[in-house]
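Residue numbers (this note's numbering), protein chains in the order written: chain A, 1 to 347; chain B, 1001 to 1347.
We treat Cβ as the ideally placed atom computed from N, Cα and C, and that holds for glycine.
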DNA sequence: TAAGGCCATGTAACCGGTTACGATAAAGTT
DNA sequence: AACTTTATCGTAACCGGTTACATGGCCTTA
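Next up, the structure:
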């Protein structure tokens, strides 16, 4: 593997000239440049990015630390990030915290000296881990989590408002007994969605203690909840599942049991995963533009790398859209149910 | 940002001792180690991975170069890779060739000095780009492409056999006129699937020029093909779409037009994306364990990094399984249609 | 023709770690 | 007590680039 020294020797010039020629500085003769380039070609020299980033003090790489890599949600985030990063000639270094606190700490530490900036999506539990491990010296944008306490810029989804909207929608379409299939207890998104549900029930159905069935965002847990319904244990005419995957599980069990959706029970989810429009009946849900989460965060990070000092007050919060489909009786004629328009910046 | 020199000074020892203490070498006194560790903590020192990898001549990072990041296919591959990589303490550097030849070359070059090994999935067109840009010095495993010409180890899917199997299955279940919705012409997977289809038609339906409708792997192109069918332009009693996404498009148009699936027309796809089991009717397809593609490739790369010299003869080829679902009349009682068992290694 | 300026080039220091090698001191041997 | 062995430690070179500064050639200008 040829080094710059080899190239310089081959071209009969100094390493400094070789370096300058390769990087296109203007203080090199055309003749010298030609000699150097010939040597580069002959030795098929490729600059060693590691060594280069050591002196330049930049790596053209940003670190992306996610709690997991499972499912469409994360792949969409990464795609959104890549879209913007690639446009700026940046590379992506993937770190995976695999749920554990220890992994998270080491994932962040391992980024030192490898990246110019960090995009972090904290795990569900103990986000305070971040403050212990994040380095103030390296620009960081937080994904999907309100990082006001850390005073870091962040990009998040307004889960509360979304859940509130879909719950109200179910009530307005005539549901009297809406039950909620919750997500994992330790998951922040899930908690916010549950809170939005509870508040909407209190405000619009005068129901202060609505039924909340446990779930964990998996299809199986959605099925489990639906089995309770068909067993008649819980009277209900509508279900709001904390995510689409569980809603899909609900629908399949209800259908097998001969319950009509939405005739007997309306069902709604959250996320608008691609599957949602294809299941039968098609699923009413709150649409989250996941890739925009990633691309927006990356854009903010690029600004920070350019020197802008962003803080928590520069956060972007996306409010999800209601998508009314067949599982709640089909789309609404006018925009009766289309509650929240997407808003950027929450201030 | 503290450096090793700072730590050494703070601890009152030399940089060599500091380095040794931090890396847990055995030729350091417990007392020295304690002093160094105290300094590390006090200055919250984190070793600079870039500098470290320069001397160690390894980066603990492997580069992953994909043609795109869109959809479940790539996310599953990356997840499979990450699973194995993480187990060995490796990081993943993502490179995206975004379709273009120029991008591909620069993506590969940019990896020099950043990674210990490479996992490359060549773009559909001009895979010979690889030979020009790949570096013999850096261990490389090729994904989803027969790299025999490059004599590189690779992991691929037997698209031909899969397509042949599903086509034969349709014929054996009584279809007389099976039509194929093809993938993009420049796509190797698509071409192989089409070839498998054509051969199966010739062998089992004595049909030497079966109808092949154009498609490009998108849902819309699947719909377009189905529109031709409902318009009666093409007589058909079964459709084999080159991927699941197009098959799903077909089904939705057929359903809207009042055609019964599988009553009037049976439909089968390829890939077994998560969506496949959820659409109505559930979709018969060839199951490809995408994540295993990634994890297997990563495992091979790790072997190479350990010094094993793998070549094209060490390739792993996965043969997809037939999954018979409702869109072709439901599962088969015995294993009549379950043609191909998964086989590892093609030799 | 000598002094001054400009420009291309080379030398060497540096980025932040690791480690070969030699020095020093402590421990063991006879 | 004199000598060898062994363990710990420090100095300095090195990984492969970049770049501040010094050098020397050539062109101006008086």
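Measuring straight from C-alpha to C-alpha, what distance separates residue 338 of chain A and residue 1056 of chain B?
As a first step, residue 338 of chain A must be located in the first chain, where it is residue number 338. As a first step, residue 1056 of chain B must be located in the second chain, where it is residue number 56. In this prediction, residue 338 of chain A has a pLDDT of 39, which is less than 50 and means its spatial position is unreliable; what the coordinates show is noted afterwards. Roughly 58 Å separates the two Cα atoms.
To the nearest angstrom, how far is the alpha carbon of residue 99 of chain A from that of residue 1273 of chain B?
Residue mapping note: residue 99 of chain A aligns to position 99 of the first chain, counting from 1. Residue mapping note: residue 1273 of chain B aligns to position 273 of the second chain, counting from 1. Each residue's alpha carbon lies about 25 Å from the other.
For residue 1347 of chain B, three-class secondary structure by DSSP
For the purposes of this step, residue 1347 of chain B is identified with residue 347 of the second chain, where counting begins at 1. For residue 1347 of chain B, the predicted structure reports a pLDDT of 28, less than 50, and the residue's modelled location is therefore unreliable. The matter cannot be settled from this model.
Is it true that the CB of residue 164 of chain A sits closer than 7 Å to the CB of residue 189 of chain A?
As a working mapping, residue 189 of chain A is identified with position 189 in the first chain. As a working mapping, residue 164 of chain A is identified with position 164 in the first chain. No, the pair does not count as a contact, with Cβ atoms beyond the cut-off.
Bridge partners of residue 154 of chain A, per DSSP?
Indexing the first chain from 1 puts residue 154 of chain A at position 154. DSSP, once it has assigned bridges, lists A:142 as partnering residue 154 of chain A.
Please name the residue or residues paired with residue 240 of chain A in a DSSP beta bridge.
For the purposes of this step, residue 240 of chain A is taken as residue 240 along the first chain, with counting starting at 1. In DSSP, residue 240 of chain A forms a bridge with A:180, A:268.
Could you give the first and the last residue of the continuous alpha helix (DSSP H) run that contains residue 318 of chain A?
Looking up residue 318 of chain A in the first chain gives position 318. Segment 316 to 318 is the beta strand (DSSP E) holding residue 318 of chain A; no alpha helix (DSSP H) there.
I'd like the span of the beta strand (DSSP E) that includes residue 1286 of chain B, first residue to last.
On the second chain, residue 1286 of chain B is found 286 positions in, with the first residue counted as 1. Unbroken beta strand (DSSP E) run through residue 1286 of chain B: 1285 to 1287.
Closest residue to residue 2 of chain A among B:1093, B:1035, B:1137 (Cα-Cα distance)
Your numbering for residue 2 of chain A matches position 2 in the first chain. Residue 2 of chain A has its Cα closest to that of B:1137, out of B:1093, B:1035, B:1137.
Residue 180 of chain A and residue 169 of chain A closer than 7 Å at C-beta
For the purposes of this step, residue 180 of chain A is taken as the residue at position 180 of the first chain. For the purposes of this step, residue 169 of chain A is taken as the residue at position 169 of the first chain. In this structure, residue 169 of chain A does not lie closer than 7 Å to residue 180 of chain A by Cβ.
Can you check which of these residues, A:207, A:185, A:206, A:134, is closest to residue 213 of chain A by C-alpha distance?
Taking the first residue of the first chain as 1, we reach residue 213 of chain A at position 213. Here the closest residue by C-alpha is A:185.
Opposite residue 61 of chain A in the DSSP bridges: which residues?
Here the question's residue 61 of chain A lines up with position 61 in the first chain. Bridge partners of residue 61 of chain A: A:91.
To be precise: take each residue of the stretch 1089 to 1121 of chain B, compare its Cβ to all Cβ atoms of chain A, and keep it if any distance is under 8 Å. Which residues remain?
1091, 1092, 1093, 1094, 1095, 1096, 1098, 1109, 1110, 1111, 1112, 1113, 1114
What is the DSSP secondary structure of residue 1328 of chain B, reduced to helix, strand or coil?
Position 328 of the second chain, counting from 1, holds the residue named residue 1328 of chain B. Residue 1328 of chain B falls in the helix class under three-state DSSP.
Could you name the residues of the stretch 277 to 308 of chain A whose beta carbon sits closer than 8 Å to any beta carbon of chain B, in the order they occur along the chain?
278, 279, 280
Among the candidates A:93, A:78, A:158, A:128, whose CA atom is the shortest distance from the CA of residue 101 of chain A?
Reading the first chain from its first residue, position 101 is the one you call residue 101 of chain A. Out of A:93, A:78, A:158, A:128, A:128 has the C-alpha closest to the C-alpha of residue 101 of chain A.
Expressed to the nearest angstrom, what Euclidean distance is found between the alpha-carbon atoms of residue 1255 of chain B and residue 1261 of chain B?
As a position in the second chain, residue 1255 of chain B is number 255, starting the count at 1. As a position in the second chain, residue 1261 of chain B is number 261, starting the count at 1. Distance between the alpha carbons of residue 1255 of chain B and residue 1261 of chain B: 7 Å.
Is any beta-carbon of chain A found at less than 7 Å from that of residue 1246 of chain B?
Taking the first residue of the second chain as 1, we reach residue 1246 of chain B at position 246. False, the Cβ-Cβ gap to chain A never drops below 7 Å.
I'd like to know whether the C-beta of residue 1066 of chain B is nearer than 7 Å to at least one C-beta of chain A.
On the second chain, position 66 is the one that residue 1066 of chain B refers to. So, not an interface residue.
Give the range of the beta strand (DSSP E) segment to which residue 323 of chain A is assigned.
Residue numbering aside, residue 323 of chain A sits at position 323 when the first chain is read from its first letter. 321 to 323 is the span of the beta strand (DSSP E), which, as asked, contains residue 323 of chain A.
Roughly how far, in whole angstroms, is the beta-carbon of residue 133 of chain A from the beta-carbon of residue 104 of chain A, given that I think they are within contact range, below 8 Å?
The sequence position of residue 133 of chain A within the first chain is 133, counting from 1. The sequence position of residue 104 of chain A within the first chain is 104, counting from 1. Yes, they are in contact, since the Cβ atoms of residue 133 of chain A and residue 104 of chain A sit about 7 Å apart, within 8 Å.
Checking 7 Å against the spacing of the C-beta atoms, do residue 1234 of chain B and residue 1211 of chain B come in under that value?
Position 234 of the second chain holds residue 1234 of chain B. Position 211 of the second chain holds residue 1211 of chain B. The answer is yes: Cβ separation under 7 Å.
Quick check on residue 1082 of chain B - is its C-beta less than 7 Å from some C-beta in chain A?
On the second chain, residue 1082 of chain B is found 82 positions in, with the first residue counted as 1. It does: the Cβ of residue 1082 of chain B has a partner Cβ on chain A nearer than 7 Å.
Provide the residue span of the alpha helix (DSSP H) that contains residue 1118 of chain B, from first to last.
Looking up residue 1118 of chain B in the second chain gives position 118. No alpha helix (DSSP H) holds residue 1118 of chain B; the beta strand (DSSP E) holding it covers 1117 to 1120.
Strictly under 7 Å for the Cβ-Cβ distance: is residue 1079 of chain B near chain A by that measure?
Against the second chain, residue 1079 of chain B aligns to sequence position 79. Chain A, which has a Cβ nearer than 7 Å to the Cβ of residue 1079 of chain B, makes this yes.
Might you give, ordered along the chain, the residues of its own chain that have their beta carbon closer than 6 Å to the beta carbon of residue 205 of chain A, omitting 5 neighbours on each side?
Looking up residue 205 of chain A in the first chain gives position 205. Excluding residues within five positions, the ones whose Cβ falls inside 6 Å are 171.
Does residue 46 of chain A come within less than 7 Å of chain B when only Cβ atoms are used?
The residue given as residue 46 of chain A occupies position 46 in the first chain. Judged by the 7 Å Cβ criterion, residue 46 of chain A is in contact with chain B.
Near residue 151 of chain A, which residues of its chain fall below 6 Å by C-beta distance, leaving aside the five closest residues on each side in sequence?
Here residue 151 of chain A corresponds to residue number 151 of the first chain, with the count starting at 1. Once the five neighbours on either side are set aside, the close Cβ partners of residue 151 of chain A are 311, 312.
Any beta carbon from chain A within less than 7 Å of residue 1001 of chain B's own beta carbon?
As a first step, residue 1001 of chain B must be located in the second chain, where it is residue number 1. Interface residue, yes.
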